[in-house]
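Take a look at the structure below.
Residue numbers (the numbering used here): 72 to 236.
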């Protein structure tokens, strides 16, 4: 079996990007009035079982300290939703296919290695020279950090870190 390059965080980010919500919104959603967010979390868990070697206990821990039995229940619900909801099945299939294609192309491994703050520091140190040397992947990484900061995502680096550029 080949080495896995997809992480749980990548899966949550991909699901959040498609749904237009932050990681925080997916992970803190409760039951009352938040069925869509709960379904997004189930999709993340289902994708994690397909794309990673993580077990229910680890997935639960990465999902805000949830119990493994809750993850198992969520995986059952995801399978039920895939059987009963065409839109859920199509969405999860599309995300799975996209993540698999990116993994095969080696793009996920490369994207994870980029430090957006280091890139920003490098550009700000010599903008006339470094601004033209920024790769597309570095721009995406910096943009993602900016969006996470704007969303108030608690898992993103604090604003204080970006001030010390």
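Yeah, the Cβ is synthetic: ideal placement off N, Cα and C, and Gly gets one too.
For residue i, the three-state DSSP class (helix, strand or coil)
i	result
residue 106	helix
residue 216	helix
residue 205	coil
Delimiting residues of the alpha helix (DSSP H) encompassing residue i
i	result
residue 88	79-90
residue 191	187-196
residue 94	94-99
For residue j and residue i, the rounded distance between their alpha carbons
i	j	result
residue 211	residue 118	23 Å
residue 153	residue 86	15 Å
residue 193	residue 217	17 Å
residue 136	residue 93	18 Å
residue 91	residue 122	22 Å
Any non-hydrogen atom of the ligand FMN within 7 Å of residue i CB
i	result
residue 136	With respect to the ligand FMN, the structure offers nothing, as it holds no ligand at all.
(message) If we require 4 or more residues per run, which alpha helix (DSSP H) segments fall completely within the stretch 111-157?
(response) 127-133 and 139-155
(message) Contact between the stretch 149-166 and the stretch 109-126 is defined here as three or more beta-carbon pairs at a separation below 8 Å; is this criterion met?
(response) yes
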